[in-house]
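**Student:** Just passing along the structure, written as structure tokens.
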Amino acid sequence: MSPAPASHALANAATGAEGSADPFSDAVIACRLFLAAPQSFGGIVLRGASPARDALVAALQDALTSSGRAARRLPGHVDDARLLGGIDIAASLASGRTVTETGLIAQARGGALIVPMAERLEAGIAGRLAQALDEGEDGPALILLDDGIEADETPPESLRERCAFWCDLSAAREGACPPLGAPGAMADGAPLDDVARAVLVSVAGALGIASVRPLLFAQGAARVHAALAGRDGPGEADLAAAVRLVLAPRATQLPELDAPPEDAHEDAPESEPPPPEPPEDGPDEDKAETEPEPGDTPLEEMLIEAAAAALPPDLLAQLAQGRAPRRSGGGGTGKRRKSGLRGKPLGARPGMPRGGARLALIDTLRAAVPWQEVRRREVGARGDGPIQMRKEDLRVRRFEDKAARVTIFALDASGSAAAARLAEAKGAVELMLAQAYVTRSEVAVIAFRAGEAELLLPPTRSLTRARRALSELPGGGGTPLAMGLNAARECAEMVMKRGRSPSLVILTDGRANLDALGQPGRRKAAEDAEAAAKAIAREGIEGLVIDISARAGPEGARLAEAMQARYLALPRADAGTLAGAINLVENARREKAA
Amino acid sequence: MARFPFSAIVGQDEMKQALLIAAVDPAIGGVMVFGDRGTGKSTAARALARLLPAITAIQDCPYGCSKEDQARYPEVCGSGPLRKRPVPFVDMPLGATEDRVIGSLDLERALRAGEKAFEPGLLAKAHRGFLYIDEINLLEDHLVDLLLDVAASGENVVEREGLSVRHPARFVLIGSGNPEEGELRPQLLDRFGLSVEVRTPAEIETRVAIMRLVAEQERDPEAFAEKWADEDEAILKQVARGKAKLAKLEPGDDLLMDAAHLCLAVGADGLRGELTLMRAARALAALKGAKAVRREHLIEVAPSALRHRLRRDVLDETGSTARITRAIDELFG
């Protein structure tokens, strides 16, 4: 969901009108190219659960299996032993010798692994797959089914980067798929000449694509596209297809259609909050070396226009928020905790099953099996006797229990923080909650005004409940800032006790006039507020102070400093901008933490 | 314990109808019931199990495969003659472990005989039947992931503990939950064909009637079941007739146009909304024994089929149901 519908519409207008190819027919072309050389294209990302995608996947699967290649589904709950291969327990126990079996990656060699719900794939599995992809001809190719809805719900970057084609089918309305052709039928095709290569390089530059891998994919795509069409060498149409299918979906900036590419590259997207430095945009020098003269060839212009027509429709909206598009932040969940009791099963580790830790029987057996022959000889047991176990074989289960992130809002509902700002703060809370299902994070709201601080909304994930609590939020009266801060800290401590990671967002103008006990007196009020802020810093609670006064004074910044929190002055922000800014700061912090 | 008869449930007509529509055409993709506690969500879902015509399945097949399944999954399906068996109804607890849900290595056989055998889980049990999850919005994330995958693909792929098994798992998902206690992931919500909102009945008479019936049932469950058996039997027959009739009903082009217009008007994204709307209208017509699918059927199921697919506008407080009713009024007046 885009918080800025206006810019969304703008983006649609920019890309929708003419020349933009239909996403489904483009996806069909991408699938044909992919099938022509699955291993060298690495993979294909099909985003958006829809009947159109189901048809396409079925066709891909058919094409692969009918030519004797593997097309295996990879469930997200796969374990290492099945992924990489390992000891076959049952066979080992039966024969008394260690019997190994091949893993899924090896079984899919030369074919493809279909990964459903790839946006939820664990980093550990993604890493192993990425490694397998790098083996090229000896590895499997990937078909990533991406069911993400929010822009930052995407498959792991390590895998996406290695897949040549990214197709977005969320808006596709087709229900049937034309035949795709046999895989591996790549007539080798003539390679690109250096002029064509240079054009691809400068188009990538104009789109803000730093990595070299997309260039290699684009070059391959142009060649195969030409070969499939029966042309001797890649021509304009082939280059255009390569740009549309490989480069455009990876764009991190809008190309400037009439200016030389470097200008476009320097142009940082406008945004009020501090834009986080996108980590991928590092190797600028590399690009300068490979980038040819910004020759305004007609071909290049034509290709950039083709790319512009195929840009993802939400790109503009995202750039407007100062966020690099579609960067997976790994979700906004809190710190991961290893737990012995609940959560998603991780691997097992050696240990005794006590203190609530559960025995991992299979892993225990797996550890014992290789030693059976030796141990039997040791104790002189018969081959069909019971299995010989030792204490060191014991394995216990581990579970991953993600500490949920809890964002605690402390809203200044006093008379000085004008009523209009309150409505926007409410809107921001609701917007953040609406996205909270992605990150499974919770939100709590504290309001402070006229001598009291009240926990309006205890930590929750429910939008329905939040909306009701906030609709009753009154405003007016003095500013008991210290009380609000103390209440926020207490709430954060409670959250930490329950094993979650809190972060505070204080929306205020910082102008305290009631002290920690609710008594009037500007000086005492300021002192108490500072003490309360320092107490938050001492607890090591992450914070963000948003100054919502119409003209920001020094008080807000001083408060942030005492809290050791970040400070943002957003005098005229609407709910969307506010929510965007908070997300931005939190994401940046998480990336730093990771 | 004897289950409360479906026909004895007072009120909650939209929910009951949605469940019956899903029973007539399982391809619709399940029913999500939103509402407070104590509104008869679980009672209705569990009562439904007894109202379903039996299925024919391969006698020894652990998955209850049909003949067509057997052709597609020869490696897991047993052989033997076809036999009638009741429709499976699986109640999945919130705290279920992953291996209980997807199935696991049969340890006893592995240890005793050195055989690598798969012990089917809840997903296998639910094949061709119903999988009911109470408080689905509180289900742990990794379980939601695997449910989504299986619900989308219709098969359960197990690649762990040295096993590599693929078996069919097509079921009607029935979820219930209170949105005040947590939101459902939109991807999961989208998988449900129909969604209904239930409320505690407010009228005194209704509440009294419920109390009277429940007391009667508790006093003598068997006699109570006996008393309602005829009505339950009538519903069972109605569902069976509906199932048989389904294939013969084909919605006309004008109705397809109606569906497309309505989806556009309310802003239901994607093709799935239209498909479900059509299917549900057809199933309702079949259930009612109508000769053709008509616009009135479409209008009747539209709130259930579309309510959870509207683009969410957080700042617009108008309920989804109100938006759909408004669009229906404007379009079909």
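Going down the list, the sequences are from chains Z and C. The working numbering applies: residue 1 is where the first sequence begins, and numbers increase by one. The working numbering applies: residue 1001 is where the second sequence begins, and numbers increase by one. Quick reminder that beta carbons are idealized off the backbone N, C-alpha and C, glycines included.
I'd like the span of the beta strand (DSSP E) that includes C31(Z), first residue to last.
**Tutor:** Sequence index remark: in the first sequence, residue 31(Z) carries index 31 (1-based). No beta strand (DSSP E) holds C31(Z); the alpha helix (DSSP H) holding it covers P23 to A36.
**Student:** Is the Cβ-Cβ distance between E1181(C) and S471(Z) less than 8 Å?
**Tutor:** The residue labelled residue 1181(C) in the question sits at position 181 within the second sequence. The residue labelled residue 471(Z) in the question sits at position 471 within the first sequence. Against a cut-off of 8 Å, the Cβ pair of S471(Z) and E1181(C) comes out as no contact.
**Student:** On the CB-based measure, 16 or more other CB atoms within 10 Å of its CB, does L517(Z) come out buried or exposed?
**Tutor:** For this step, residue 517(Z) is matched to residue 517 along the first sequence. Per the 10 Å Cβ criterion, exposed.
**Student:** If distances are taken between C-alpha atoms only, which option among L1173(C), V1157(C), G1175(C) and E1161(C) comes closest to H1167(C)?
**Tutor:** Numbered from its first residue, the second sequence carries residue 1167(C) at position 167. Residue V1157(C) is the option with its Cα nearest to H1167(C).
**Student:** Are there 16 or more other CB atoms within 10 angstroms of the CB of G1030(C), so buried, or fewer, so exposed?
**Tutor:** Stepping through the second sequence from its first residue, residue 1030(C) is reached at position 30. When all chains shown are included, G1030(C) counts as buried.
**Student:** For chain Z, find out if any of its Cβ atoms is closer than 8 Å to the Cβ of S1176(C); answer yes or no.
**Tutor:** Within the second sequence, residue 1176(C) is the residue found at index 176, counting from 1. No, its Cβ sits nowhere closer than 8 Å to a Cβ of chain Z.
**Student:** Per DSSP, G85(Z) forms a beta bridge with which residues?
**Tutor:** The residue given as residue 85(Z) occupies position 85 in the first sequence. Bridge partners of G85(Z): T102(Z).
**Student:** Exposed or buried, what is R323(Z) when buried is set at 16 or more other beta-carbons lying within 10 Å of its beta-carbon?
**Tutor:** In the first sequence, counting from the first residue as 1, residue 323(Z) sits at position 323. No answer about R323(Z) holds up, because its pLDDT of 44 lies below 50 and its placement is not dependable.
**Student:** Which residues mark the beginning and the end of the beta strand (DSSP E) in which F1130(C) is found?
**Tutor:** Taking the second sequence and counting its residues from 1, one reaches residue 1130(C) at position 130. Start and end: F1130 to D1134.
**Student:** Could you pull the DSSP bridge partners for P191(Z) from this structure?
**Tutor:** Along the first sequence, one-based indexing puts residue 191(Z) at 191. Note: P191(Z) sits in no beta bridge, so no partner.
**Student:** Does S25(Z) come within less than 8 Å of chain C when only Cβ atoms are used?
**Tutor:** For the purposes of this step, residue 25(Z) is taken as residue 25 along the first sequence, with counting starting at 1. No, its Cβ sits nowhere closer than 8 Å to a Cβ of chain C.
**Student:** Checking contacts by CB at 8 Å: is G175(Z) closer than that to chain C?
**Tutor:** For the purposes of this step, residue 175(Z) is identified with residue 175 of the first sequence, where counting begins at 1. Yes, G175(Z) lies at the interface with chain C (some Cβ there is under 8 Å from its Cβ).
**Student:** Would a C-beta distance cut-off of 8 Å place A242(Z) and A227(Z) closer than the cut-off?
**Tutor:** Within the first sequence, numbered from 1, the residue matching residue 242(Z) stands at position 242. Within the first sequence, numbered from 1, the residue matching residue 227(Z) stands at position 227. Contact: no.
**Student:** Closer than 8 Å, Cβ to Cβ, to anything on chain Z: give me those residues from the region 1137 to 1154 of chain C, in chain order.
**Tutor:** From the region 1137 to 1154 of chain C, only E1140, D1141, H1142, D1145, L1146, L1148, D1149, A1152 and S1153 have a Cβ closer than 8 Å to chain Z.
**Student:** Can you list, in chain order, the residues of its chain with a C-beta nearer than 7 Å to that of D146(Z)? Leave out the 5 residues immediately preceding and following it.
**Tutor:** Indexing the first sequence from 1 puts residue 146(Z) at position 146. Counting only Cβ-Cβ distances below 7 Å, and skipping sequence neighbours, we find V45, L46, R47, A118, E119, T154 and P155.
**Student:** Reducing DSSP to helix, strand and coil, say where V201(Z) ends up.
**Tutor:** Along the first sequence, read from residue 1 onward, the residue named residue 201(Z) stands at position 201. V201(Z) falls in the helix class under three-state DSSP.
**Student:** Look up K1084(C) in the DSSP assignment and give the residues it is bridged to.
**Tutor:** Residue mapping note: residue 1084(C) aligns to position 84 of the second sequence, counting from 1. In DSSP, K1084(C) forms a bridge with T1056(C).
**Student:** Could you tell me the distance, in whole angstroms, from the CA atom of C1065(C) to the CA atom of A1286(C)?
**Tutor:** Position 65 of the second sequence, counted from the first residue, corresponds to residue 1065(C). Position 286 of the second sequence, counted from the first residue, corresponds to residue 1286(C). One C-alpha to the other measures close to 25 Å.
**Student:** Measuring only the C-alpha atoms, how far is A1265(C) from D22(Z)?
**Tutor:** Position 265 of the second sequence, counting from 1, holds the residue named residue 1265(C). Position 22 of the first sequence, counting from 1, holds the residue named residue 22(Z). Using only the alpha carbons, I get a separation of about 23 Å.
**Student:** Would you mind stating whether A206(Z) and P255(Z) have Cβ atoms separated by less than 8 Å?
**Tutor:** Residue mapping note: residue 206(Z) aligns to position 206 of the first sequence, counting from 1. Residue mapping note: residue 255(Z) aligns to position 255 of the first sequence, counting from 1. Cβ atoms of A206(Z) and P255(Z): closer than 8 Å.
**Student:** Could you tell me whether the region 1204 to 1221 of chain C touches the region 562 to 579 of chain Z, using the rule of 3 or more Cβ pairs below 8 Å?
**Tutor:** Touching, no, given that fewer than three Cβ pairs across the two stretches are closer than 8 Å.
**Student:** Verify the CB distance criterion: does R1072(C) have a CB-CB separation below 8 Å to chain Z?
**Tutor:** Mapped onto the second sequence, residue 1072(C) falls at position 72. Taking Cβ atoms only, chain Z never reaches closer than 8 Å to R1072(C), which makes this a no.
**Student:** Mind reading off the beta-carbon distance from T100(Z) to G85(Z)? Whole number of angstroms is fine, and I expect it under 8 Å.
**Tutor:** Residue numbering aside, residue 100(Z) sits at position 100 when the first sequence is read from its first letter. Residue numbering aside, residue 85(Z) sits at position 85 when the first sequence is read from its first letter. Their Cβ separation, rounded to whole angstroms, is 6 Å, which keeps T100(Z) and G85(Z) in contact under 8 Å.
**Student:** In chain order, what residues of the same chain lie with their CB nearer than 7 Å to the CB of G1011(C), ignoring the 5 residues before and after it?
**Tutor:** As a position in the second sequence, residue 1011(C) is number 11, starting the count at 1. Correct list, in chain order: P1201 and T1206.
**Student:** Considering only their Cβ atoms, is the gap separating P116(Z) from R73(Z) smaller than 8 Å?
**Tutor:** Residue numbering aside, residue 73(Z) sits at position 73 when the first sequence is read from its first letter. Residue numbering aside, residue 116(Z) sits at position 116 when the first sequence is read from its first letter. In contact: R73(Z) and P116(Z) (Cβ atoms closer than 8 Å).
**Student:** Under DSSP, the beta strand (DSSP E) around W166(Z) begins and ends at which residues?
**Tutor:** Within the first sequence, numbered from 1, the residue matching residue 166(Z) stands at position 166. Segment F165 to D168, the beta strand (DSSP E) holding W166(Z).
**Student:** Alpha carbon to alpha carbon, how far is A1259(C) from S1176(C)?
**Tutor:** Looking up residue 1259(C) in the second sequence gives position 259. Looking up residue 1176(C) in the second sequence gives position 176. Each residue's alpha carbon lies about 27 Å from the other.
**Student:** Find out if the Cβ-Cβ distance for the pair A218(Z), A306(Z) is shorter than 8 Å.
**Tutor:** Sequence index remark: in the first sequence, residue 218(Z) carries index 218 (1-based). Sequence index remark: in the first sequence, residue 306(Z) carries index 306 (1-based). Going by C-beta atoms, A218(Z) is not nearer than 8 Å to A306(Z).
**Student:** Is the region 91 to 110 of chain Z in contact with the region 49 to 65 of chain Z, if contact means three or more CB pairs nearer than 8 Å?
**Tutor:** They do not touch, by the three-pair rule.
**Student:** Please go through the region 46 to 73 of chain Z and give each complete alpha helix (DSSP H) segment of 4 or more residues, from N-terminal end onward.
**Tutor:** As far as the region 46 to 73 of chain Z is concerned, its whole alpha helix (DSSP H) runs of at least 4 residues are 51 to 66.
**Student:** For the putative contact between L1271(C) and G175(Z), defined by C-beta atoms under 8 Å, what is the C-beta separation to the nearest angstrom?
**Tutor:** Start at 1 with the first residue of the second sequence, and residue 1271(C) comes out as number 271. Start at 1 with the first residue of the first sequence, and residue 175(Z) comes out as number 175. Indeed, because the Cβ distance is near 7 Å, the residues count as touching under 8 Å.
**Student:** What does I149(Z) reach in chain C if we use C-beta pairs closer than 8 Å?
**Tutor:** Working through the first sequence from its first residue, we reach residue 149(Z) at position 149. The answer, in chain order, is P1186 and Q1187.
**Student:** With a threshold of 8 Å, are at least 3 pairs of Cβ atoms found where one atom belongs to the region 56 to 65 of chain Z and the other to the region 1134 to 1147 of chain C?
**Tutor:** Output reads no: the region 1134 to 1147 of chain C does not touch the region 56 to 65 of chain Z.
**Student:** At a Cβ cut of 7 Å, what residues of the region 1089 to 1107 of chain C count as close to chain D, listed as they run along the chain?
**Tutor:** Absent here is chain D; the protein component of the structure consists of chains Z and C.
**Student:** Keeping to the same chain, check which residues put their C-beta closer than 7 Å to that of P1251(C); ignore five residues upstream and five downstream.
**Tutor:** Numbered from its first residue, the second sequence carries residue 1251(C) at position 251. Excluding positions up to five away in sequence, the list reads M1278, A1281, R1282 and V1293.
**Student:** Can you check whether the CB of F1004(C) is closer than 8 Å to the CB of A1049(C)?
**Tutor:** As a first step, residue 1049(C) must be located in the second sequence, where it is residue number 49. As a first step, residue 1004(C) must be located in the second sequence, where it is residue number 4. Not in contact: A1049(C) and F1004(C) (Cβ atoms no closer than 8 Å).
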